[in-house]
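This report concerns only the one structure given below.
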Amino acid sequence: MAASPSYLADFVREIESRYTPANTETFWLCDEPIQRLIASGVLSRWINEQLQSLINDAQHLGDWTAAETVLHRGKGWTASLAIFDTPRRFIHALPFLGFYVPLDSTLTGQRYGLPRGFRNDVFDPSLRLEPAGSLNVERNELLRLETDRFVYDFHIPRPLPVLRIISNSLRPLEWLFSKSTLQAWQANDAELSSTQLRVAAFVLGKIAHHSSIAPLRQLGSHPHHAVRWSAIQNLGRLSRSEALLKIREAVNDPHPHVRRAAQKTLDQLDKKH
Amino acid sequence: MALSIPCSTTNVISIDEYLDHVRTQVKIRDFDSVAGSARMLRALANDRALIVRGLNSRIENYLADGVLPSAQALFLAGGDGFYVRAAIWPAINDMVSGRAYQDQFAYNLAHDHNFSFMTVNHLGPGYETELYEYDYDKVEGFVGEAVDLRFVEKVRFGADIAMLYRANRDVHVQYPPTELTITVNLMVADRDSLLRDQYFFDLATRTIAGYPPELAATKRQSLLNLAGFLGDDNTAQLLNDLALRHPCKKTRLSAFNALSRQQPHEAASIWGRASADPAPLVANTARKRLQNLENA
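Quick mapping for you: the protein sequence lines, in order, are chains S and R.
One rule links them: number in my numbering = place in the first sequence (from 1) + 92.
One rule links them: number in my numbering = place in the second sequence (from 1) + 1235.
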C-alpha cells in the first residue's frame, strides 16, 4: 500500500476509522470525509504533484492506468479519479459498493433494480433488469452506488471527471446486461485473480505433475465456485482418488452449478462401472 | 527480421543459475549479447518443473505475486533491466469449448512491443506466428495511419529455436496452437521503453488500430486528461513544461490537449506552440486544431 501525502492522510484515517470491510454497511458512513475531501480542494494539488513528479523524472509512473489514477489504495477500498468518456456497450452490475462524485458537471443516467431471484454467484440468462428511475447527480454531489440492489447506466454526452471511492469486490461475478433488452448477457469474474487461478488449475491439470495435487486440493476450497470446480476437475487429471473425494464433497457444495456438475460426474462414473 | 536462433541443448539449469548468467554474462541492451544467451534460456526451459513450481506457488500464495496483471503471463524472476516470465497459450479446442477465455489471451492481434524479448518453447507443439516488420521512425503514430508492414514469414515456433524480437521493429500475430503451449521469455525491461510507443495493427488495412492500455504513454495520458479538467492556477505551468520538454511525443500531445482544455481562450496560442513540435504527430495535430479554430 503506497503512503499518501500528508494532506490525504487525515482523509485516509477517517475512512479507515469508519469503514470495516467485514461489515459492508459501514461503507456508507464514509460520505462526510468524502465531502470534506472535495471541499478542501486538495485534488488539484495532488494532480499537480503527480505532474511535478513527471517533470522531475520523465519515466516516472504513478499508480495510473488507462482508466483511472489512484489516489490511495486502502484496506478494502480505493480512491481514484477517472474520466467517464466512453459509453459502455453493456450495463454492468458492479461487484463493489461505491461513492461516485462528478467533479465538473452533472452526472446523469438510469437506475435499474436487480431482478427478483438475482443471486450474484449463479448466472441466469433469463433474468432481466427492472427500470428504477433516472439519475441526476449535481457537480460535487455524492452518488451512493448501492450495487447490492441497483445497477447503473450512465449517460456520457461529454467527458466527465469523477472521484470514485469504492470498496474491494464484494461479490464473485460482474454481470453484464443488454442495453436494448435489459436481459442478462454474461458474467465475468469480478477479480482477475479468480481468472488467473482458473487458468493455473487448467494448466496444472494438463501438465499433471504430482506436486500439484496439494495446491489443487487447497484450491478446491476457494470461495469462488468456478475456481473450486476448475480445481476439482483438474485434480482428476492428477489423482483419481483425490478427485473422487472432492467430487463426493462437492455434491453438497453451496453452489448449485457445482453440486449439479459433481452429481453428473458421479453418475457418469457409476455408468462406466 | 526477428531472429530465429538454433539453441538445441539437453542441459538443464535452475532459475537462479539463469539469473546469475544473465547478470554476469549478458549485456541486456546489446541485441547480439542477448542472442548469444539463447542456449541458456533453452536450458532453463528444459527444467520440466519450472512452470509447475510457479503455478503451484501462485495457488499457494493466492496470487500474492501480483506482478503481471494478466492471466496469460506468469512472472518467474527478475533482475536489473530484465525479467523472466512464462506465457500460457491454450489450444484452439480449449478456446472453442470455453475451457479458456479467448479474451484473456493475445491471439489474432498484430502488435509490436516497445521492448526486446527472447522466447523459447517449454511445453507443447508451439504456436504459429506471422512475422512482419516496419520502420518505427517513419510512423507518425496516430490511429488509422497507414503503415508499411512488410510480411516476413509464417513460422511454427518449435522446440529447438529461440526467437528474438526487436523492440519497435518486429510485428507478430500469434494463432492458437493445436495443444496447450507454454513459452519462457527473457524480457528486456529497460526504462527507455517507458518512453516508446507500441501499436496494435489492422493487417487488412495495414494501419495502426490502437495502443495497448498498459502502455506507459496511455497511463500518462490518463493523468494529463484529468489535469485538463481539474487543474488549478498552478497546473498550467506544469502542463506547459511537459508539453515542451517531455521526451514522449504522445505525452507532449496530451499535455497540449490538457492545456487547451484548461485555458480554452488561449487555444490558438497553445496549438501555435505545438505546431513547432519536432514530432509530426504533435505538429500535424496542432495544425489541424488551428485549422478547426479558424473555421469555427
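Think of the CB as a built atom: it goes at the ideal place given N, C-alpha and C, for glycine as much as any other residue.
Since the structure is predicted, the reported quantities are computational estimates derived from the model, not experimental observations.
Inset, instruction - Say whether chain S places a C-beta atom closer than 9 Å to the C-beta of I1250/R. - result: No - not a single Cβ of chain S is within 9 Å of the one on I1250/R.
Legend entry - Buried/exposed call for D1468/R, threshold 16 Cβ in 10 Å: Under this definition D1468/R is an exposed residue.
Legend entry - Closer than 9 Å to chain R by CB, G209/S: Chain R, which has no Cβ nearer than 9 Å to the Cβ of G209/S, makes this no.
Legend entry - Assigned exposure category for P39/S - 16 Cβ within 10 Å defines buried: Because residue 39/S is not part of the residues shown, which for chain S are 93 to 365, the question remains open.
Inset, instruction - For the segment 267–297 of chain S, enumerate the residues whose C-beta is nearer than 7 Å to any C-beta of chain R, in chain order. - result: Residues L284, S285, T287, Q288, L289, V291, A292, F294, V295, L296.
Inset, instruction - Can you pull the chain S residues whose beta carbon is under 8 Å from the beta carbon of S1233/R, in chain order? - result: As shown, chain R starts at 1236 and ends at 1531. That puts residue 1233/R outside it, with no answer to give.
Inset, instruction - Please report how far the alpha carbon of L1298/R lies from the alpha carbon of R236/S, in whole angstroms. - result: Confidence in L1298/R is poor, its pLDDT being 49 and thus under 50, which makes the residue's placement too unreliable to answer from.
Legend entry - Beta-carbon spacing of L227/S, L195/S below 9 Å: L227/S is not a Cβ neighbour of L195/S, given a cutoff of 9 Å.
Inset, instruction - Answer yes or no: do I258/S and T170/S have a C-beta to C-beta separation smaller than 9 Å? - result: I258/S is a Cβ neighbour of T170/S, given a cutoff of 9 Å.
Legend entry - Outcome for N1420/R when other beta-carbon atoms lying within 10 angstroms are tallied against a minimum of 16: N1420/R comes out buried.
Inset, instruction - Have a look at H1348/R and L1238/R and give me their C-alpha separation to the nearest angstrom. - result: For H1348/R and L1238/R, the distance between alpha carbons rounds to 15 Å.
Legend entry - Interface partners of F1491/R on chain S, CB under 7 Å: Against F1491/R, chain S offers no close residue; the least beta-carbon distance is about 14 Å (beta-carbon pairs closer than 7 Å).
Legend entry - Length of the line joining the Cα atoms of L234/S and F246/S: Their Cα atoms are separated by approximately 14 Å.
Inset, instruction - Compare the C-beta of F1377/R against all C-beta atoms of chain S and say whether one is closer than 9 Å. - result: Chain S contact via Cβ: absent.
Inset, instruction - Report all residues from its chain with a CB closer than 6 Å to the CB of T287/S; omit the five preceding and five following residues, and keep chain order. - result: Within the same chain, T287/S has close Cβ partners D281.
Inset, instruction - Please list the partners that N1469/R has in chain S, where partner means a Cβ-to-Cβ separation under 7 Å. - result: Those within 7 Å of N1469/R in chain S are N140.
Legend entry - Nearest-angstrom beta carbon gap, I1250/R and I1396/R [assumed within contact, 8 Å]: Contact between I1396/R and I1250/R does not hold, since the beta-carbon distance rounds to 21 Å and is not under 8 Å.
Inset, instruction - Check whether the Cβ of L1298/R lies closer than 9 Å to any Cβ atom in chain S. - result: Here the model assigns L1298/R a pLDDT of 49, short of 50, so the residue's position is not dependable, and the following value carries that caveat. It does; some Cβ of chain S falls within 9 Å.
Inset, instruction - Following the continuous alpha helix (DSSP H) through V1247/R, name the residue where it begins and the one where it ends. - result: It is not in any alpha helix (DSSP H) - V1247/R carries neither H nor E in the DSSP assignment.
Inset, instruction - Would you kindly work out how many angstroms separate the C-alpha atoms of L1254/R and H1346/R, rounded to a whole number? - result: C-alpha separation (whole angstroms): 28 Å.
Legend entry - Element boundaries [alpha helix (DSSP H), containing Q1409/R]: Unbroken run through Q1409/R is the beta strand (DSSP E), 1405–1410; no alpha helix (DSSP H).
Inset, instruction - Kindly list the residues whose CB is nearer than 8 Å to the CB of E141/S, restricted to its own chain and excluding five residues on each side of it in sequence; keep chain order. - result: Excluding positions up to five away in sequence, the list reads P97.
Inset, instruction - Use the C-beta contact count for T1453/R: other C-beta atoms within 10 angstroms, 16 or more gives buried, fewer gives exposed. - result: The Cβ neighbour count for T1453/R, taken over all protein chains shown within 10 Å, is at least 16; the residue is labelled buried.
Inset, instruction - Go to K1389/R, then tell me how far its alpha helix (DSSP H) extends in each direction, as first and last residue. - result: DSSP places K1389/R outside any alpha helix (DSSP H); the residue lies instead in the beta strand (DSSP E), whose first and last residues are 1385–1391.
Legend entry - Min CB distance L361/S to chain R below 9 Å: Not closer than 9 Å to any Cβ of chain R, the Cβ of L361/S fails to qualify, so no.
Inset, instruction - Could you give the DSSP three-state label for L1298/R: helix, strand or coil? - result: Any reading at L1298/R needs caution, since the residue's pLDDT is 49, under 50, leaving its predicted position unreliable; the model's value is listed next. If DSSP states are grouped into helix, strand and coil, L1298/R belongs with coil.
Legend entry - Start and end residues, beta strand (DSSP E) containing R1320/R: Start and end: 1317–1324.
Inset, instruction - Can you tell me which of the three DSSP states S1510/R falls into? - result: S1510/R: coil per DSSP, three-state reduction.
Legend entry - Distance between beta carbons of L153/S and L1429/R, contact taken as under 8 Å: Cβ atoms of L1429/R and L153/S come within 8 Å of each other, at about 7 Å.
Legend entry - Boundaries of the alpha helix (DSSP H) in which F103/S is found, first to last residue: It spans 98–110 - the alpha helix (DSSP H) in which F103/S sits, taken as one unbroken run.
Inset, instruction - Give a yes or no on whether the minimum CB-CB distance between P307/S and chain R is below 9 Å. - result: Chain R contact via Cβ: present.
Inset, instruction - Taking 9 Å as the cut-off, decide whether the C-beta atoms of R351/S and N344/S are in contact. - result: Against a cut-off of 9 Å, the Cβ pair of N344/S and R351/S comes out as a contact.
Legend entry - Strand pairing of Q1456/R, partner residues [DSSP]: Its beta-bridge partners do not exist; DSSP assigns none.
Inset, instruction - Leaving out five residues on either side along the sequence, give the residues of the same chain with a beta carbon under 6 Å from the beta carbon of Y1318/R. - result: The answer, listed in chain order, is M1422, A1424.
Legend entry - Contact between the segment 1442–1452 of chain R and the segment 1371–1380 of chain R (3+ Cβ pairs under 8 Å): Cβ pair count under 8 Å is three or more, so yes.
Inset, instruction - Give a yes or no on whether 9 Å exceeds the smallest Cβ distance from A335/S to chain R. - result: For A335/S, the answer is no, since every Cβ of chain R falls outside 9 Å of its Cβ.
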